[in-house]
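Chemist: Residues in the sequence shown are numbered consecutively from 594, following our numbering. Positions of the beta carbon are idealized from the N, C-alpha and C atoms, including for glycine. Owing to the predicted nature of the structure, the values given are computational and were not obtained by experimental measurement. Would you mind keeping the following structure in view while I ask a few things?
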Amino acid sequence: MMDPQQRIWGFETNFGGLAELAVVKANQLMPKPTHLTWEEAASPGLVNSTAYRQLISRNGAHMKLGDRVLIWGASGGLGSYATQMALAGGATPVCVVSSPEKADLCRAMGAELIIDRSAEGYRFWNEDGTAQDPSEWQRLGKRIRDLTGGHDVDIVFEHPGRETFGASVYVARKGGTIATCASTSGYLHEYDNRYLWMNLKRIVSSHFANYREAWEANELIDRGLIHPTLSRTYRLEDVGQAALDVHGSRTSARPPSTCTATSTRARSGSSRSRRRRASGSPTRRSGRPSRRRSTGSATPEQRRRPPLG
Ligand SMILES: NC(=O)c1ccc[n+]([C@@H]2O[C@H](COP(=O)([O-])OP(=O)(O)OC[C@H]3O[C@@H](n4cnc5c(N)ncnc54)[C@H](OP(=O)(O)O)[C@@H]3O)[C@@H](O)[C@H]2O)c1
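This is the structure in structure tokens:
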């Protein structure tokens, strides 16, 4: 990750990653978890690896058993993996979402402590976005303590950025960690440094994952400890609509353009697609929710977790 030549393929190089066929290096490949469909297997790569480094790896927040973790956007792309990792790793996620439907998604993953930020109506910034209101940070902190029995969080899983960063620094416990990998609402963060230095908190930056971290994150999925949070699939020709839907936040978790895998396999007449056609079972269609899970050669460990999405 520290190598100045390191680039994210398709994002920082190559003019995008959407194609029916692509040439990649061998060390860009991961084993496909056998119990997943191609669409499910294609969806976690970026966000699962990023959440793993940011939350679990010692290059990130290095979460441990018993930690309390505040997760912004807990039903979203990064957040839904962070929530599952917290639960699987013996930590307690405090999930922040913006609707009852998203709260239900977190409950379906097994989370119990949930804050609906819309219902709470937090206003961390004033109308013109020039000053923050520390009493709103305190209100969030009090809500967290109400849910946790009086405790502050050990880790804040940050990515909204400017909008929430002041609050995130405030609510982390003394000695706690704020791990950040993005600034969705704005890059210029503002926080009260007294809460950071006087309380020995740390801000840790994180970006994607190295190969080892990505491999370990993929292995969690392969073993069924973490499950892809795929909300919809799209055909390759509908990728513009997919981008628009992400832009308009009309989906709850990141919709992958896994249509690439679907169409390639359908056309190559793979044994699975031949079996599907023979049995009359449906292949993925545009806009259909992906709730079915291929359990072909799933191990008991892989079958433990219910499908999400
Ligand atoms: N550095 C990296 O390697 C890396 C990798 C992947 C993603 N990212 C970045 O990380 C960010 C999140 O990615 P994602 O895939 O998780 O996106 P996502 O699926 O859209 O989820 C983000 C969630 O964050 C919450 N959110 C958005 N704006 C907010 C605000 N102003 N205040 C509070 N919560 C807010 C929303 O949840 P609620 O409305 O439910 O609260 C939203 O669903 C993006 O900026 C993305 O580009 C960085």
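1) Between which two residues does the beta strand (DSSP E) carrying T773 extend?
2) Report, in whole angstroms, the separation of the C-beta atoms of P637 and P821, which I expect to be a contact under 8 Å.
3) Of all the options K794, V662, H744, which has the alpha carbon lying nearest to the alpha carbon of G683?
4) Taking a contact to mean a Cβ-Cβ separation below 8 Å, would you say M656 touches I796 in this structure?
5) I need the DSSP call for R700, collapsed to helix, strand or coil.
6) Distance check for G666 and D709, CA to CA, integer angstroms please.
7) Give a yes or no on whether the C-beta atoms belonging to L698 and S668 are separated by under 8 Å.
8) For a quick check, are the C-beta atoms of I814 and N652 less than 8 Å apart?
9) Would you report the Cα separation of D739 and A615, rounded to the nearest angstrom?
10) Please report the straight-line C-alpha distance between A681 and E751, rounded to a whole angstrom.
11) Between E783 and the rest of its own chain, which residues show a CB-CB distance below 8 Å, the 5 nearest in sequence each way excluded?
12) Could you tell me the alpha carbon to alpha carbon distance between V687 and A675, rounded to whole angstroms?
13) Between S798, L793, M791, which lies nearest to S776 when the distance is taken from Cα to Cα?
14) Is the closest heavy atom of ligand 1 to the C-beta of V749 under 7 Å?
15) Do E613 and L829 have their C-beta atoms closer together than 8 Å?
16) Is the separation between the beta-carbon of M678 and that of I707 shorter than 8 Å?
17) Thinking just about the alpha-carbon of each residue, which of L781, E713, T643 is nearest to the one in M594?
18) For S798, report the span of its alpha helix (DSSP H) as first-last.
19) Is the beta carbon of A772 sitting closer than 8 Å to the one on Q647?
20) Between the alpha carbons of A701 and N620, how many angstroms are there, rounded?
21) Let me check you understand the geometry: is the CB of C699 closer than 7 Å to at least one non-hydrogen atom of ligand 1?
22) If you scan the segment 732-757 from start to end, which runs of the beta strand (DSSP E) of 3 or more residues do you find wholly inside it?
23) For I664, does the three-state DSSP call read helix, strand or coil?
24) What I want to know is whether the C-beta of G670 ends up closer than 7 Å to one or more non-hydrogen atoms of ligand 1.
25) Along the chain, where does the beta strand (DSSP E) that runs through V640 open and close?
26) For T676, which of helix, strand or coil comes out of DSSP?
27) May I have the straight-line CA-CA distance separating H800 from G734, to the nearest angstrom?
28) Rounding to the nearest angstrom, what Cα-Cα distance links D831 and Q731 in this structure?
Modeler: With the structure as the only source:
1) By 1-based counting over the sequence shown, the position of residue 773 is 180. 765-773 is the extent of the beta strand (DSSP E) around T773.
2) Counted from its first residue, the sequence shown places residue 637 at position 44. Counted from its first residue, the sequence shown places residue 821 at position 228. P637 to P821, Cβ: 5 Å. Contact.
3) In the sequence shown, counting from the first residue as 1, residue 683 sits at position 90. Per the Cα distances, V662.
4) For this step, residue 656 is matched to residue 63 along the sequence shown. For this step, residue 796 is matched to residue 203 along the sequence shown. Going by C-beta atoms, M656 is not nearer than 8 Å to I796.
5) Counting from one through the sequence shown, the residue named residue 700 turns up at place 107. Note: R700 maps to helix in three-state DSSP.
6) Within the sequence shown, residue 709 is the residue found at index 116, counting from 1. Within the sequence shown, residue 666 is the residue found at index 73, counting from 1. Answer to the nearest angstrom: the Cα atoms are 10 Å apart.
7) For the purposes of this step, residue 698 is taken as residue 105 along the sequence shown, with counting starting at 1. For the purposes of this step, residue 668 is taken as residue 75 along the sequence shown, with counting starting at 1. Contact: yes.
8) For the purposes of this step, residue 814 is taken as the residue at position 221 of the sequence shown. For the purposes of this step, residue 652 is taken as the residue at position 59 of the sequence shown. No. Outside cutoff.
9) Position 146 of the sequence shown, counted from the first residue, corresponds to residue 739. Position 22 of the sequence shown, counted from the first residue, corresponds to residue 615. C-alpha separation (whole angstroms): 50 Å.
10) Position 88 of the sequence shown, counting from 1, holds the residue named residue 681. Position 158 of the sequence shown, counting from 1, holds the residue named residue 751. Whole-angstrom Cα-Cα distance: 20 Å.
11) Position 190 of the sequence shown, counting from 1, holds the residue named residue 783. So the list reads Q725, R755, F758, G759, once near-sequence residues are dropped.
12) Locating residue 687 in the sequence shown gives position 94, where the first residue counts as 1. Locating residue 675 in the sequence shown gives position 82, where the first residue counts as 1. About 11 Å.
13) The residue labelled residue 776 in the question sits at position 183 within the sequence shown. It is S798.
14) To locate residue 749, count along the sequence shown from 1; it is residue 156. Because no heavy atom of ligand 1 lies under 7 Å away, the Cβ of V749 does not count as near it: no.
15) The count along the sequence shown starts at 1 and reaches residue 613 at position 20. The count along the sequence shown starts at 1 and reaches residue 829 at position 236. It is a contact, given that the beta carbons lie within the stated cut-off.
16) Position 85 of the sequence shown, counting from 1, holds the residue named residue 678. Position 114 of the sequence shown, counting from 1, holds the residue named residue 707. It is not a contact, given that the beta carbons lie outside the stated cut-off.
17) In the sequence shown, the residue the question calls residue 594 occupies position 1. Among L781, E713, T643, the Cα nearest to that of M594 belongs to T643.
18) Position 205 of the sequence shown, counted from the first residue, corresponds to residue 798. Premise fails: S798 lies in the beta strand (DSSP E), 795-798, not in any alpha helix (DSSP H).
19) On the sequence shown, position 179 is the one that residue 772 refers to. On the sequence shown, position 54 is the one that residue 647 refers to. Cβ atoms of A772 and Q647: closer than 8 Å.
20) Numbered from its first residue, the sequence shown carries residue 701 at position 108. Numbered from its first residue, the sequence shown carries residue 620 at position 27. Their Cα atoms are separated by approximately 34 Å.
21) As a working mapping, residue 699 is identified with position 106 in the sequence shown. No, since every heavy atom of ligand 1 falls outside the 7 Å radius drawn around the Cβ of C699.
22) 746-751
23) Here the question's residue 664 lines up with position 71 in the sequence shown. Residue state, collapsed to three classes: strand.
24) Here the question's residue 670 lines up with position 77 in the sequence shown. The answer is yes for G670.
25) Taking the sequence shown and counting its residues from 1, one reaches residue 640 at position 47. No beta strand (DSSP E) contains V640, which is instead part of the alpha helix (DSSP H) from 638-644.
26) The residue given as residue 676 occupies position 83 in the sequence shown. In the structure shown, T676 sits in a helix (DSSP, three-state: H, G or I).
27) On the sequence shown, residue 800 is found 207 positions in, with the first residue counted as 1. On the sequence shown, residue 734 is found 141 positions in, with the first residue counted as 1. Answer to the nearest angstrom: the Cα atoms are 27 Å apart.
28) Reading the sequence shown from its first residue, position 238 is the one you call residue 831. Reading the sequence shown from its first residue, position 138 is the one you call residue 731. Approximately 44 Å, taken between the alpha carbons.
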